[in-house]
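Have a look at the structure below before the remarks.
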Amino acid sequence: MTTWPPIREELAGIAPYGAPQLDVPVQLNVNENPYQPSAETVADIAASVGAAARNLNRYPDREFVALREGLAAYLRADVPNAQITPEQVWAANGSNEVMLQLLQAFGGPGRTAISFAPTYSMYPEYARDTNTEWVVGHRETDFAIDLEKARALVEETQPHVVLLPSPNNPTGTALPPEAVTALCEAVGDNGIVVVDEAYGEFRRSGVPSALELLDRHRNLVVTRTMSKAFAGAGLRLGYLAADPAICDAIRVVRLPYHLSAVTQAAASAALRHAPELLGYVAALRQERDELVEWLRGEGLEVADSDANFVLFGRYADRHAVWQGLLDHGVLIRETGPEGWLRVSVGTPREMNAFRQALTDVNGARA
-16 MTTWPPIREE LAGIAPYGAP QLDVPVQLNV NENPYQPSAE TVADIAASVG AAARNLNRYP
44 DREFVALREG LAAYLRADVP NAQITPEQVW AANGSNEVML QLLQAFGGPG RTAISFAPTY
104 SMYPEYARDT NTEWVVGHRE TDFAIDLEKA RALVEETQPH VVLLPSPNNP TGTALPPEAV
164 TALCEAVGDN GIVVVDEAYG EFRRSGVPSA LELLDRHRNL VVTRTMSKAF AGAGLRLGYL
224 AADPAICDAI RVVRLPYHLS AVTQAAASAA LRHAPELLGY VAALRQERDE LVEWLRGEGL
284 EVADSDANFV LFGRYADRHA VWQGLLDHGV LIRETGPEGW LRVSVGTPRE MNAFRQALTD
344 VNGARA
């Protein structure tokens, strides 16, 4: 008997990825920037999109040259030690599409991708969707990567793609430069090492970006997004910096005109307002650090975080805690290792609501 619809066998019965979307007063579950763009920024984006709309009868710039120039300029400002050129930049509809394109170009049947758990839950889905074999190593109890074990896994599996979020999602921990270098050297010219810096702008002072290593390792790819620090989750614009040859390889698999004229116009306008849009990053870092200190003061385990979220635990029944917070109007994420929960950093008002709700829930369970 055949099933309907005739979906690929390995996809049958699988639920689509997605965090709960619930209408509650305090939403701290998907690591969004809680601060909206200013009226000035909104007006510039609207005007830019309006100008692009006058030519919607024409296909957009397939190479999105102006946007790549703007992204390269932003990266040079963010990481002065990394002299990124437009030829090293590629963009797509969210870092999700960037990752998928990387797996399409460098993964595929007969090829392997690896990461180290706990890690971003979409990575194995990218591998599945591109028929890439997925192998997962494991992090230490402090969520760091043991380099000797990592090298051994690379030698054993000979991966074509290594996915390394830094700061890591869901733990928030960042990779030291020596870990990136060690894995780039271990993989060599047989594959690429992708450092996913979706939360890179939130890293603590003194924590370097992997962008500083690009000129040393031609197999290194660093991905970024405008969804988090740029307060552009609704924009859907992700990008990478890498050797120009890697960008050229992605061109082979990208869909024609994959970035619309509207997206290009909106993203370029947002880049013009980067100082304003990134203006709350320092405040969110401070809120995060204060939250880590408070949670530890409550007797909870908390992972060191360089992101705009915090992983905390451990609970014998984390779902009950998650539900208790939801009953108080606070939505966080039930993710990560068993017993842990993740909360996004919000405004001071939202963080006060979270603290009060968690105090009530923990007190009721005591």
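Heads up, the sequence shown is in this note's numbering, so the first residue is -16 and it goes up one at a time. Glycine residues also receive a C-beta, built at the ideal position from the N, C-alpha and C atoms.
ask   = Just checking my contact of Thr113 with Leu294 at CB under 8 Å: how many whole Å lie between their CB atoms?
value = Going by Cβ atoms, the distance from Thr113 to Leu294 rounds to 28 Å, so no, they are not a contact pair.
> Looking only at DSSP bridge pairs, what is Glu116 linked to?
Replying inline: Assignment of beta-bridge partners to Glu116 by DSSP yields Thr95.
CB-CB length for Leu166 against Leu147, believed under 8 Å | The Cβ separation is near 7 Å, so the contact holds.
Unbroken stretches of the alpha helix (DSSP H), 4 residues or longer, contained in the segment 260 to 301
Listed in chain order, they are 264 to 280.
Restricting to Cα atoms, I'd like to know which of Pro159, Asn173, Leu218 is closest to Val190.
Checked all of Pro159, Asn173, Leu218; the closest Cα to Val190 is Pro159.
- Message: Let me check one thing: in DSSP terms, what residues is Asn73 bridge-paired to?
- Response: Residue identity differs from the one stated: residue 73 is Trp in this sequence, not Asn. Note: Trp73 sits in a beta bridge opposite Leu223.
- Message: Quick check: what's the CA-CA separation for Phe89 versus His143?
- Response: 6 Å
When we look at the beta-carbon of Asn12 and count the other beta-carbons within 10 Å, is it buried (16 or more) or exposed? Buried.
Buried or exposed by the 16-neighbour rule on C-beta atoms within 10 Å, applied to His121:
exposed
Could you tell me how far apart the beta carbons of Thr156 and Asp179 are, in whole angstroms, since I believe they sit closer than 8 Å?
About 13 Å separates the two Cβ atoms, so there is no contact after all.
Worksheet item: Buried or exposed: which applies to His200, given that a residue is buried once 16 or more other Cβ atoms fall within 10 Å of its Cβ?
Response: Label assigned to His200: buried.
Q.
So Ala225 and Val204 are supposed to be a Cβ contact under 8 Å. How far apart are they, rounded?
A. 4 Å
message: Considering just the uninterrupted stretch of the beta strand (DSSP E) at Thr208, what are its terminal residues?
response: 203 to 208
query = Any idea which residues DSSP pairs Ile175 with across the strands?
reply = DSSP lists Val144 as the bridge partner or partners of Ile175.
* To do: Indicate whether at least one CB of chain D lies closer than 9 Å to the CB of Thr68.
  => Among the chains of the structure shown, chain D does not appear; only one protein chain is present.
Contact check, Gly319 vs Gly296, beta carbons under 9 Å: yes
task: Take every Cβ of the segment -12 to 2, pair it with every Cβ of the segment 321 to 330, and state whether three or more of those distances are shorter than 8 Å.
output: no
Taking Arg348 as part of the alpha helix (DSSP H), name the residues at either end of that continuous run.
331 to 348
Practice task
Out of Asn291, Ala299, Gly174, point me to the one whose CA is closest to Arg271's CA.
Solution key: Asn291
Following the continuous beta strand (DSSP E) through Ser327, name the residue where it begins and the one where it ends.
324 to 327
Cβ of Val313 within 9 Å of Cβ of Ala336? yes
Open item on the list: Taking the alpha carbon of Phe213 as the reference point, which residue from Val264, Asp44, Thr102 has its own alpha carbon closest?
Closed with: Answer by Cα proximity: Val264.
Legend entry - Thr102: first and last residue of the uninterrupted alpha helix (DSSP H) it sits in: No alpha helix (DSSP H) holds Thr102; DSSP gives it neither H nor E.
*asked:* Helix, strand or coil for Val313? Go by DSSP, reduced to three states.
replied: Of the three classes helix, strand and coil, the one that applies to Val313 here is strand, per DSSP.
Check your understanding: For Gln10, does the three-state DSSP call read helix, strand or coil?
Key -> strand
Practice task
Drop a sphere of 10 angstroms on the beta-carbon of Ser188, count the other beta-carbons inside from all chains shown, and report buried for 16 or more, exposed for fewer.
Solution key: exposed
- [ ] Check whether the Cβ atoms of Ala135 and Ala162 sit closer than 9 Å, and answer yes or no.
- [x] no
Review point. Are the beta-carbon atoms belonging to Trp117 and Thr95 less than 9 Å from one another?
Key: yes
Query - 9 Å Cβ cutoff met for Leu218 and Ala253 - result: Yes; because the gap between Cβ atoms is below 9 Å, this pair is in contact.
Just tell me which of Gln71, Val137, Gln247 has its CA closest to the CA of Asn173.
The closest CA to that of Asn173, considering only Gln71, Val137, Gln247, is found on Val137.
Whole-angstrom distance between Arg237 and Thr140, CA atom to CA atom:
27 Å
Return the chain-ordered list of same chain residues with a C-beta closer than 6 Å to the C-beta of Asp44, the five sequence neighbours on each side being excluded.
none
Top-ranked residue by Cα proximity to Asp289, from Gln269, Leu278, Arg279: The shortest C-alpha separation from Asp289 is found at Gln269.
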